[in-house]
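Chemist: What follows is a structure written as structure tokens; I'll ask about it next.
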Amino acid sequence: MARKERKASRGRLRTAQLQDARQVTLPSSADVCIIGGGAAGLTAAITAAQRGASVAVLECAPICGRTILATGNGRCNLVNTKLDPSLYNDPRFVADATGNSWLDDVRTFFFESGLVWEEESEGRCYPLSRQAASVRNVLIARARRTGALLAPARTTHKVKRDGKGFAVTFAEEWQGGEQATLRAACVVVATGGGVSSTCEGMGLISTPFEPMLCPLACEGLGLSELDGRRAQAQIALMRNGRKVTDQRGEVLFRAYGLSGIAVFNLSRFAQPGDNLVLDLLPGIDYRKALSLSEHTPDGLLDPVVAQALTNATGSVADAVSMAKNLRYSVLGATEIERAQVRRGGLQTKQFDSATLEATVTPGLFACGEALDVDGPCGGYNLAWAWKSGMVAGASAAERSRA
Ligand SMILES: Cc1cc2nc3c(=O)[nH]c(=O)nc-3n(C[C@H](O)[C@H](O)[C@H](O)COP(=O)(O)OP(=O)(O)OC[C@H]3O[C@@H](n4cnc5c(N)ncnc54)[C@H](O)[C@@H]3O)c2cc1C
84 MARKERKASR GRLRTAQLQD ARQVTLPSSA DVCIIGGGAA GLTAAITAAQ RGASVAVLEC
144 APICGRTILA TGNGRCNLVN TKLDPSLYND PRFVADATGN SWLDDVRTFF FESGLVWEEE
204 SEGRCYPLSR QAASVRNVLI ARARRTGALL APARTTHKVK RDGKGFAVTF AEEWQGGEQA
264 TLRAACVVVA TGGGVSSTCE GMGLISTPFE PMLCPLACEG LGLSELDGRR AQAQIALMRN
324 GRKVTDQRGE VLFRAYGLSG IAVFNLSRFA QPGDNLVLDL LPGIDYRKAL SLSEHTPDGL
384 LDPVVAQALT NATGSVADAV SMAKNLRYSV LGATEIERAQ VRRGGLQTKQ FDSATLEATV
444 TPGLFACGEA LDVDGPCGGY NLAWAWKSGM VAGASAAERS RA
């Protein structure tokens with residue numbers, strides 16, 4: 084399809100989605116108002132509605148669950164069987180909030196929604212269909228079955244205390260759309276990892292968002308012929324001569340530096356000025372590698388990488404040595420618009436880790452990336468979104484009855 088035609092088709096789809104969104108009539112009040120209909124918000128909505136609360140979800144995009152569609156390259160790596168709070172930036176808070184049966188809770192939730200998953204390498208789980216749309220669709224269908232009202236194309240601007248509850252002001256996104264207010268006994272903030280001013284004035288402190296799980300711009304070998312080549316590597320992140328952490332996995336050489344899952348995971352810890360030291364022959368020592376590389380290390384490395392290292396160093400021995408100790412200096416995160424997760428958001432110390440309720444603002448809950456919680460690649464961030472959504476949804480329903 085030509086570019087112009089694709090744009091026109093997207094425009095028609097958006098118009099149709101806005102028309103559908105317009106058909107949704109919101110009541111003047113609800114027990115629980117959920118701001119953001121992404122992964123965590125939909126889970127919270129289903130959980131709260133199942134516990135008997137009347138629920139309204141305000142979502143600024145023209146459809147709910149849109150963010151889920153892009154996950155896992157459209158396949159949605161929805162959880163990991165090796166869930167471990169210590170892999171997150173705030174292990175204690177995550178451990179308290181997720182409890183002892185995190186994986187089982189998520190599995191049961193999806194099973195009851197009509198979705199099963201299959202495990203691939205490194206504990207990564209995907210829907211049987213390998214389609215992120217399956218995950219989104221079962222959540223939307225279940226939210227509707229449970230009676231949660233999904234109201235897309237409504238951007239929340241402000242949450243204010245209103246007597247014992249809250250007044251949530253939002254704007255409708257269609258032409259001529261108006262500002263309106265919904266009253267709610269409880270509010271769940273599920274706005275994800277983007278800047279949101281919804282909670283301003285509620286006495287909550289946020290840490291500025293920073294992109295994580297993205298490529299790193301580096302200075303290093305400077306070999307343009309490596310751009311786009313992949314390798315398996317053991318990578319150490321070094322700061323002032325000391326190892327900060329390491330990762331084993333795929334690295335993708337780019338003209339600007341390094342990408343690939345192992346580098347994404349290191350981007351959570353890397354700072355400008357750090358060094359990345361790559362061993363492109365993990366598990367094979369230098370002598371063994373040299374003995375296997377008579378004319379070139381072709382049989383051990385990607386042939387283009389082998390040739391580039393041999394050309395750059397002028398000898399096979401030096402090429403092997405470089406493959407065991409390839410150094411890059413980190414300049415900073417790059418392609419940040421495609422970062423998979425943002426660190427920052429509502430500071431966790433303000434929330435009760437068992438209920439995800441703000442201690443200074445009773446009745447206000449948060450979940451997912453809106454809270455300052457992030458994990459590595461591999462299904463860990465969605466796992467947090469699902470489980471924290473369940474906790475916040477259940478607690479909000481409970482509180483709305485109090
Ligand atoms: C390209 C990409 C691929 C990824 N792949 C994976 C993966 O395979 N596995 C994994 O574990 N994680 C993955 N992630 C991370 C994962 O998608 C997020 O961690 C997860 O979606 C967070 O859930 P959330 O509900 O907190 O936020 P989101 O899913 O981002 O939902 C937040 C919602 O709130 C809405 N919103 C924001 N502000 C307002 C407002 N003021 N009013 C109303 N609505 C608002 C947004 O439109 C959005 O729908 C990926 C991320 C990206 C960007």
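According to this note's numbering, the stretch in the sequence shown is residues 84 to 485, in order.
All C-beta atoms, glycine included, are put in the ideal place defined by N, C-alpha and C.
#1: Under a Cβ-count criterion, where at least 16 other Cβ atoms within 10 Å of its own Cβ denotes burial, should Gly446 be classed as buried or exposed?
#2: Please state if the CB of Leu359 and the CB of Leu341 are separated by a distance shorter than 8 Å.
#3: Kindly indicate the opening and closing residues of the beta strand (DSSP E) around Ser342.
#4: Using a Cβ-Cβ cut-off of 6 Å (strictly less than) and excluding sequence neighbours within five positions of Asp457, which residues of its own chain qualify?
#5: Do you know how far the Cα of Leu361 is from the Cα of Ala132?
#6: Could you spell out the range, first to last residue, of the beta strand (DSSP E) harbouring Tyr209?
#7: Pick from Glu201, Arg219, Glu205: whose alpha carbon is nearest that of Leu211?
#8: Taking the alpha carbon of Leu299 as the point to measure from, which residue in Leu166, Ala345, Arg95, Glu255 has its own alpha carbon closest?
#9: Compute the minimum distance between the beta carbon of Ser279 and the heavy atoms of ligand 1, and state whether it is under 7 Å.
#10: Tell whether a beta-carbon distance below 8 Å holds between Leu125 and Ala226.
#11: So who's on the other strand from Pro294, going by DSSP bridges?
#12: Suppose you measure from the CA of Arg89 to the CA of Val189; what does that come to, to the nearest Å?
#13: Identify the residues that DSSP records as bridge partners of Asn163: which are they?
#14: In three-state DSSP terms, what is Val443?
#15: Leaving aside the five residues before and after Val221 along the sequence, list all residues of the same chain whose C-beta is less than 8 Å from its C-beta, in chain order.
#16: Checking 8 Å against the spacing of the C-beta atoms, do Arg207 and Asn156 come in under that value?
#17: If you run the structure through DSSP and keep just helix, strand and coil, what is Thr68?
#18: Taking 7 Å as the cut-off, is the beta-carbon of Thr98 closer than that to any non-hydrogen atom of ligand 1?
#19: For Glu308 and Ala479, I'd like the C-alpha separation in whole angstroms.
#20: In angstroms, rounded to a whole number, what distance separates the CA positions of Glu255 and Val115?
Modeler: Straight from the coordinates:
#1: buried
#2: Between Leu341 and Leu359, the CB-CB gap stays under 8 Å.
#3: DSSP places Ser342 in the uninterrupted beta strand (DSSP E) bounded by 340 to 342.
#4: Asn172, Met295, Val424, Arg426.
#5: Here the alpha carbon of Ala132 sits roughly 50 Å from the alpha carbon of Leu361.
#6: Following the DSSP letters along the chain, one finds Tyr209 inside the beta strand (DSSP E) bounded by residues 207 to 210.
#7: Glu201
#8: Ala345
#9: yes
#10: yes
#11: Arg425
#12: One C-alpha to the other measures close to 37 Å.
#13: The partner list for Asn163 (beta bridge, DSSP) reads Arg207.
#14: coil
#15: Phe193, Ser196, Gly197, Leu198
#16: no
#17: Coverage of the chain is limited to positions 84 through 485, which leaves residue 68 absent and any answer about it impossible.
#18: no
#19: 55 Å
#20: Take the alpha-carbon of Glu255 and the one of Val115: they are about 19 Å apart.
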